[in-house]
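Numbering of the sequence shown is given in the numbering used here, commencing with residue 65 and proceeding in unit increments.
Where is the CB? At the ideal position from N, CA and C, for every residue including glycine.
Only a predicted model underlies this, so the values are computations on that prediction, with no experimental measurement involved.
Working notes, structure below.
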Amino acid sequence: NIMIKNKIKNLDLSATLKINEISKKLEKEGKEIIKFGLLLCASLSVLTTFAIVWVLISEAGIFFKHIPAFDFLFGTKWAPLLEPRSFGVVPLVCGTLLIVFGTSLIALPVGLATAIYLSEYSTTRLRTILKPVLEILAGIPTVVYGYFALTFITPLLRELFEEVQIFNAASASIVVGIMVLPMVASLCDDTLRAVPVSLRQGAYAVGATKCEVTLGVVVPSSLSGIMASFLLAISRAIGETMAVTLAAGATPNMTIDPFVAIQTMTAYIVQVSLGDTPQGGIAYQTIFAVSALLFVITLCMNIFSSRLLKRFREVYE
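This is how it looks when you write it as structure tokens:
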């Protein structure tokens with residue numbers, strides 16, 4: 065009986081060791097599978113980026129074989145679909161910058177002020193109401209904003225100013241500013257709330273008022289996050305398509321007048337992509353030339369924002 069019991073114990077011990085060995089092997093294989101999956105996802109993102117860049121470069125290269133880059137970048141007339149054709153992209157860039165400037169005037173100060181109120185002055189109950197409302201604004205489709213600008217904002221502007229055209233940059237800037245506002249407010253609010261309470265208490269200890277603490281301590285301490293939200297909002301305004309297409313029109317004008325019709329780079333891409341332009345022609349290749357320029361502008365903004373954030377970044381323990 066004792067020998068049988070010892071054999072059973074040895075068998076149990078051997079089985080336990082084998083089970084532990086199998087479980088460790090399975091755990092190791094599982095980690096390798098997860099690691100391979102994560103590597104595959106990262107590689108897929110990188111390959112997608114390179115594929116996009118390759119398509120833009122190859123297709124834009126065909127365009128620049130026929131049109132000099134200097135004429136494209138510095139020409140002041142854009143009419144690639146009509147005779148006589150002109151391929152100066154400056155009017156599209158001016159239209160895009162006009163939208164960005166108008167959007168920044170609305171979204172950045174109002175968004176920062178909203179974030180300051182939510183972070184420093186509002187009650188918890190009011191914050192739980194306002195925060196979801198801002199998130200609802202961010203979830204509305206852009207085409208809805210475009211029709212809102214065309215049917216509500218533009219008639220309102222025409223009642224105030226007689227010279228406002230049906231399609232104009234002002235209504236597009238206003239509606240894009242409303243679109244970008246929730247992003248700015250939410251990101252700035254998170255940044256302001258991340259400032260340590262000890263900094264606020266130190267300012268109160270030396271006799272600072274609530275306003276002085278907010279403007280003199282909290283906002284400067286979260287400057288890097290605020291700048292990041294501003295740059296992200298500007299990038300969103302540059303890349304906005306449907307709302308600008310519906311509200312601003314499709315007339316490439318080199319102007320700073322916000323009450324006339326303009327055309328942005330993204331709106332032109334939509335216009336040509338509707339299918340009326342035959343594939344393979346020089347007019348069709350302008351899509352990729354404009355897209356490549358838009359990609360370069362966005363890339364330069366990302367590089368600039370990265371360096372700016374590194375310079376003004378604040379780290380708290």
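Using the beta-carbon count (16 or more within 10 Å), is residue i buried or exposed?
{"i": "Trp118", "result": "exposed"}
{"i": "Leu182", "result": "buried"}
{"i": "Leu251", "result": "buried"}
{"i": "Ser293", "result": "buried"}
{"i": "Pro322", "result": "buried"}
{"i": "Asp253", "result": "buried"}
{"i": "Ala115", "result": "exposed"}
{"i": "Gln349", "result": "buried"}
{"i": "Ala311", "result": "buried"}
{"i": "Val197", "result": "exposed"}
{"i": "Ala179", "result": "buried"}
{"i": "Ile131", "result": "buried"}
{"i": "Glu226", "result": "exposed"}
{"i": "Phe100", "result": "exposed"}
{"i": "Tyr185", "result": "exposed"}
{"i": "Thr215", "result": "exposed"}
{"i": "Ala133", "result": "exposed"}
{"i": "Phe127", "result": "buried"}
{"i": "Phe136", "result": "buried"}
{"i": "Ala106", "result": "exposed"}
{"i": "Leu156", "result": "buried"}
Which one of the options has the shortest CA to CA distance from residue i?
{"i": "Thr328", "options": "Gly344, Ala307, Ala347", "result": "Ala307"}
{"i": "Pro284", "options": "Cys158, Ala311, Leu256, Ile298", "result": "Leu256"}
{"i": "Pro144", "options": "Leu358, Ala353, Cys364", "result": "Ala353"}
{"i": "Ile170", "options": "Leu287, Tyr211, Ala124, Ile298", "result": "Ile298"}
{"i": "Thr218", "options": "Phe368, Glu304, Ala236, Pro205", "result": "Ala236"}
{"i": "Leu296", "options": "Val157, Thr362, Leu214", "result": "Thr362"}
{"i": "Ser370", "options": "Ser288, Ala347, Cys158", "result": "Ser288"}
{"i": "Phe165", "options": "Phe359, Pro342, Arg300", "result": "Arg300"}
{"i": "Pro316", "options": "Ser87, Leu103, Gln229, Cys158", "result": "Cys158"}
{"i": "Ile290", "options": "Lys89, Gly303, Leu372", "result": "Leu372"}
{"i": "Thr160", "options": "Glu304, Ala347, Gly94, Thr112", "result": "Glu304"}
{"i": "Ser122", "options": "Glu96, Lys195, Gly344", "result": "Gly344"}
DSSP three-state call for residue i: helix, strand or coil?
{"i": "Ser150", "result": "strand"}
{"i": "Ala143", "result": "strand"}
{"i": "Val244", "result": "helix"}
{"i": "Met318", "result": "coil"}
{"i": "Ser286", "result": "coil"}
{"i": "Glu276", "result": "helix"}
{"i": "Ala307", "result": "helix"}
{"i": "Gln349", "result": "helix"}
{"i": "Thr328", "result": "coil"}
{"i": "Gly344", "result": "coil"}
{"i": "Thr188", "result": "helix"}
{"i": "Ser337", "result": "coil"}
{"i": "Ala236", "result": "helix"}
{"i": "Ala258", "result": "coil"}
{"i": "Pro219", "result": "helix"}
{"i": "Val164", "result": "helix"}
{"i": "Phe323", "result": "coil"}
{"i": "Gln265", "result": "helix"}
{"i": "Leu205", "result": "Checking the sequence, you will find Pro at residue 205 rather than Leu. Correct three-state label for Pro205: coil."}
{"i": "Phe231", "result": "coil"}
{"i": "Ile131", "result": "coil"}
{"i": "Pro119", "result": "Just to set this straight, residue 119 is Val in the shown sequence, not Pro. Looking at Val119 - three-state DSSP - the assignment turns out to be helix."}
{"i": "Phe138", "result": "helix"}
{"i": "Gly313", "result": "coil"}
{"i": "Phe225", "result": "coil"}
{"i": "Gly175", "result": "helix"}
{"i": "Val270", "result": "coil"}
Quick one: residues in its chain with C-beta nearer than 6 Å to the C-beta of residue i, no 5 flanking neighbours on either side, listed in chain order?
{"i": "Gly313", "result": "Phe231, Ala325"}
{"i": "Val336", "result": "Ile351"}
{"i": "Phe176", "result": "Reading the sequence as shown, one finds Leu at residue 176 and not Phe. Hits under 6 Å: Cys252."}
{"i": "Gly152", "result": "Gly139, Thr140, Lys141, Trp142"}
{"i": "Ser286", "result": "Thr255, Leu256, Val259"}
{"i": "Val270", "result": "none"}
{"i": "Tyr209", "result": "Val239, Met243, Ala307"}
{"i": "Gln229", "result": "Val324, Ala325"}
Considering only residues of the same chain and omitting the five flanking positions on each side of residue i, which have a CB-CB separation below 7 Å?
{"i": "Val14", "result": "Summary: the structure shown does not reach residue 14, with the chain confined to residues 65 through 381, and so no result is reported for it."}
{"i": "Val392", "result": "Because the chain in this structure spans residues 65 to 381, residue 392 falls outside the shown range and cannot be described."}
{"i": "Leu162", "result": "Ala233, Ile320, Pro322, Ile326"}
{"i": "Ile333", "result": "Ile351, Val354, Ser355"}
{"i": "Leu172", "result": "Val248, Phe294, Ala297"}
{"i": "Thr167", "result": "Ser237, Val240, Gly241, Val244, Ala301"}
{"i": "Val281", "result": "Leu263, Arg264, Ala267"}
{"i": "Phe368", "result": "none"}
Please work out which residues of its chain come closer than 8 Å, Cβ to Cβ, to residue i, disregarding the five sequence neighbours upstream and downstream, and give them in chain order.
{"i": "Gly203", "result": "none"}
{"i": "Ala124", "result": "Gln349, Phe352, Ala353, Ser355, Ala356"}
{"i": "Tyr211", "result": "Leu310"}
{"i": "Arg191", "result": "Leu182"}
{"i": "Glu93", "result": "none"}
Is it the case that the CB of residue i approaches a heavy atom of the ligand MN more closely than 7 Å?
{"i": "Pro322", "result": "Because no ligand of any kind appears in the structure shown, any question about the ligand MN cannot be addressed here."}
Handout entry: Contact between the segment 277-294 and the segment 255-268 (3+ Cβ pairs under 8 Å)
Key = yes
Handout entry: Any 3 or more C-beta pairs closer than 8 Å across the segment 234-249 and the segment 143-157
Key = no
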